[in-house]
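For the sequence shown, the working numbering gives the first residue as 381, with consecutive numbering after it.
Think of the CB as a built atom: it goes at the ideal place given N, C-alpha and C, for glycine as much as any other residue.
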Amino acid sequence: MRIPVLMSALCALVCAAPALSEPLKLNDKGYFETRGVNVMVFSNWYDGLFSDAKISGVEIIHQGVRTATNGDVRLMPTPGQWDEIGQMSDRKFDPATGIIETTLTYPAYDFTYVMRAVPKGDGVEITINLDKPLPTALEGRAGFNLEFLPSAYFRKSYMADAKGGGFPLYPSGPMKTLSDGKTEPLPLASGRSFVLAPEDATRRVTVTSADPINLYDGRNQAQNGWYVLRGLIPAGKTGAVISWTVTPNSDPNWVRPAMIAHSQLGYAPNAKKVAVIELDRNDTSPASARLLEVSPDGAITPVLTAETKPWGQYLRYDYRTFDFSSVSKPGLYVIEYGSQRTSTFRIDPAIYAEAWQPTLDVFMPVQMDHMFVNEAYRVWHGDPHRDDALQAPLNQDHIDLYASKDTTDTRFKPFEHIPGLNVGGWLDAGDFDIRTQTNYGVVRSLVETWELFGIDRDQTTIDQDRRYVDIHVPDGQADMLQQIRHGAIQLIAQFDSVGHAINGIVEPDVAQYTHLGDAVTKTDGLIYDPSLKPGEVMGNRSGTRDDRWAFTNRSSSLNYGSIAALAASSRALRGFDDPLADKALGIATRVWDEEQSHPPVIFQHGNTTGGPILNEELTAAVELLITTRDAKYAKRIEALWPQVEKAFPPNADLIAKVIPYMPKGFKAKVRPAVVAYAAEVKKMSAANPFGVPITEAGWAGSGRVIDFGLTNAWLNTQFPDLIGTESVLAAVEFLHGNHPGSNVSFVSGIGTVSKEVAYGNNRADFSFIAGGVVPGVLILKPDFPENKEDWPFLWGENEYVISQAPIYIQLVHRAQKLVEGPK
């Protein structure tokens, strides 16, 4: 009789035991996978433009969050953005054997290594293999690093060889001074076995090695640094010189919670309303969703329950859609799916009427260069860069895509002060350069929106004479016109100072470029005078060469782009600032004639030297035609059309805009290109459940989504039978939360839950600038959508850029006009 009792007890023990997780396996997409854990090995490269973008090497996606990156051989304990990285020459993976092998090289040191990754136990064994010993120059320098996201391990502990420690919330680790005067962090802990977050099953990672591993805090050297595990490569050895086993804890029952993508702002009563539900492929939650209305007394009442509709797979998730278009009653609502419930959103006929206001009222003023910007008790920044600018040196391949040739194309010598450039313009992004190509695009976008909607909102004092801005303080003038003037002033100054449009004005070195905080503290504001000693001051001059550099090489693309903006600004400024309007148009017509008198000067380097010459010349011709109605510009547009037709999508909005000013017959000539484009729009809209093109590159695609909506809106004005307006609302909803990965609004301060930790000049404060638009969803190859809400320093996801501001303002105005319908 005792046997059944024993069997019963044994059964109870077995049945109560947790299910065992499956070991990591290499899938056909080229990364290791098990329930709740992915380990990627060079699925992505660092970045083609800005070096270390924290998206490469060995990476861990842990319970739906990317927590580790940059597992690779590096030459410093906590390398920064511009420090050396190896070059990948080969990557291969074999699902049959479960092995990923990547070959990389540091050519300057004649150093080649092979990283091999293979499943081992519940983890992955990573080895660094050498055919010949480490070069002498790299002894004590080269090591295998694996970086862990600080925000994923804040308020958590670690164990090094079973000895406990805590991850510092604020960087406070030990440092040492090197022989060259530079500093370098010392380890927080050392051991052969590290367990990160032993108390948290969702973040626990075990790393073991036969050789010592050190833990560093990379934030001691740069606020965007990560926690780093590092093991030095031994000298004089070949073969597997580094061997780590990395084991992220997995949960065999883990299911990523459903994400209900929707507009955090809300919807118009008569608009189509479709939420997109993003599901883990192991999710078996019920297929129905509910729309609940929130009452003033706090009651939450179901108003619609409906089955969700399967959409299919996109990237790594399954998708279903919940259509609640039938509900049109204005009010406050939430959506419920399984155990998930959204934040509140509105149904309101004026849903977009005010969404743009923080962008014009706050973000754009904060980005104004050469102005003191105040907001109530807060000073956003002083009057920066009064010392602009020094002529950049020759043959300089500079930071942030600036470069110079073997001539300055000006009368100024390298490091000579160029007078007149210390006015107007907007700071480009979370950094502090004036990028001419961006600035003229902003001016044109503002003018376009002004002419379409006549936005006469006045909530900001902008005093050019005092170089002073006061946010939330009206001054009796339309803010949009004042912003147009501010941009035009900088563009005009370039022609006055050097005779042509320049690439831009940027910091002289990385130390200044990475400056955080008030831009006025970057330089002394005094013009550099080489006759004075460093630190010596005389009047408005000093011997400190901290002034920004002006990159001035000629580019016909930049000239055309600038005069397009000046021609457009002359229309908006007419009656507001007539002398400036006259000057802007005079420069635009004169420079057009000059550029037409010779072959184009082509200088292409990144995004500082203008767009493709065809696009820029067309833009100038369009704006000059609209401004002057001179037939010679229409004639030039006709001549350019065969080329434009072949590159129609990026120029489609310009062509639609100019059709009313062109001779009869031009519209019919354009129609076949629109037919072809309409077919592409249909494909792009159907490629994912969100109805807009989602960029899969190193910089996320909010800007492309806005352009998609605006281009189609322009084409709809001329070809409504071919191009509808659905993409306008789809684009607005995408920006405000209807996108993959999360449902946060990508416009800070707009929508119930929006970007509150972003990459502005205040990013080290884990803060935001109201009205700023971030790049959004970054698709990490092959299939991971990401936008981190707790770590601002990933610029490809979270960096504000000034160019997004005016096009966002126009997009929401177009959306509001659509939902209001004909009047």
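At the level of alpha carbons, what is the spacing between Asn1178 and Lys1168? Approximately 8 Å, taken between the alpha carbons.
Alpha carbon to alpha carbon, what distance is there between Ile435 and Trp606? 13 Å
From the DSSP output, in three-state form, read off Arg521 for me. coil
Of the choices Gln874, His852 and Tyr1057, whose alpha-carbon is the least far from that of Val753? His852
Thinking C-alpha only, which one of Thr816, Pro1069 and Thr724 is nearest Tyr713? Thr724
Decide if Ser977 is buried, meaning its Cβ has at least 16 other Cβ atoms within 10 Å, or exposed. exposed
Are the C-beta atoms of Leu549 and some chain E residue less than 8 Å apart? This model lacks chain E altogether, as it is built from one protein chain only.
Sequence-distant residues of its chain with Cβ nearer than 7 Å to Leu568 (five each side left out): If you ignore the 5 residues before and after Leu568, its C-beta comes within less than 7 Å of the C-beta of Gly545, Gly553, Leu595, Tyr596 and Asp597, all in its own chain and listed in chain order.
When we look at the beta-carbon of Tyr757 and count the other beta-carbons within 10 Å, is it buried (16 or more) or exposed? exposed
Starting from the Cα of Val419, find the closest Cα among Lys1161, Arg1194 and Val1192 and give me that residue. Lys1161
Could you tell me the distance, in whole angstroms, from the CA atom of Leu1102 to the CA atom of Thr586? 57 Å
Beta-carbon proximity check, Leu946 vs Ala964, cutoff 8 Å: In this structure, Ala964 lies closer than 8 Å to Leu946 by Cβ.
Can you tell me whether Glu828 is buried or exposed, with buried defined as 16 or more other CB within 10 angstroms of its CB? Buried is the call here.
Answer with buried or exposed for Val930, where buried requires no fewer than 16 other C-beta atoms within 10 angstroms of its C-beta. Just to set this straight, residue 930 is Ala in the shown sequence, not Val. That one is buried.
Can you give me the C-alpha to C-alpha distance between Arg700 and Gly1078, rounded to a whole angstrom? 28 Å
Taking one C-beta from the stretch 790 to 799 and one from the stretch 875 to 886 each time, how about it: are there three or more such pairs within less than 8 Å? The stretch 790 to 799 is in contact with the stretch 875 to 886.
Taking the alpha carbon of Lys653 as the point to measure from, which residue in Ala1032, Lys709 and Leu906 has its own alpha carbon closest? Lys709
Length of the line joining the Cα atoms of Phe1028 and Pro910: 51 Å
With burial defined as no fewer than 16 other Cβ atoms inside 10 Å of the residue's Cβ, what is the status of Arg1051: buried or exposed? exposed
Where Ile480 and Phe422 are concerned, what is the direct C-alpha to C-alpha distance, given to the nearest angstrom? 9 Å
Spatial neighbours of Ala581 in its chain, beta-carbon cut-off 7 Å, leaving aside the 5 residues before and after: Closer than 7 Å at Cβ, skipping near neighbours: Asn629 and Asp631.
When burial is assigned at 16 or more other CB atoms within 10 Å of the CB, is Cys391 buried or exposed? Note that Cys391 scores a pLDDT of 40, beneath 50, so its modelled location is shaky and nothing firm can be said.
Rounded to whole angstroms, what's the CA-CA distance from Ala1195 to Val417? Just pull it up for me. 40 Å
What separation, rounded to the nearest whole angstrom, lies between the Cα atoms of Ala378 and Val575? Past the boundaries of the shown model lies residue 378; the chain is included only from 381 to 1203, so the question cannot be answered.
Helix, strand or coil for Trp1021? Go by DSSP, reduced to three states. Helix, per DSSP.
Bridge-paired residues (DSSP) for Tyr848: Phe752 and Asp843
Beta-ladder partner(s) of Asn418, from DSSP: Glu413 and Ile441
Figure out for me which residue from Tyr1188, Ile1130, Leu1158 and Lys1012 has the closest Cα to the Cα of Phe1088. Tyr1188
Alpha carbon to alpha carbon, what distance is there between Asn1031 and Leu998? 8 Å
Does the stretch 959 to 974 come close enough to the stretch 911 to 921 to have 3 or more Cβ pairs within less than 8 Å? no
Quick check: what's the CA-CA separation for Phe1114 versus Ile1086? Taking the straight line from one Cα to the other gives about 9 Å.
Can you give me the start and stop residues for the alpha helix (DSSP H) that Thr347 sits inside? The chain is shown only over 381 to 1203; residue 347 falls outside these bounds and no answer can be derived.
Rounded to the nearest angstrom, what separates Ala667 and Leu1109 at their Cα positions? 26 Å
Is there contact between the stretch 609 to 618 and the stretch 642 to 659, where contact requires at least three CB pairs shorter than 8 Å? no
Tyr893 - containing alpha helix (DSSP H), residue span: Val890 to Tyr893
Are the CB atoms of Gly327 and Ser1065 nearer to each other than 8 Å? Here the chain has residues from 381 to 1203 only, and residue 327 is not among them.
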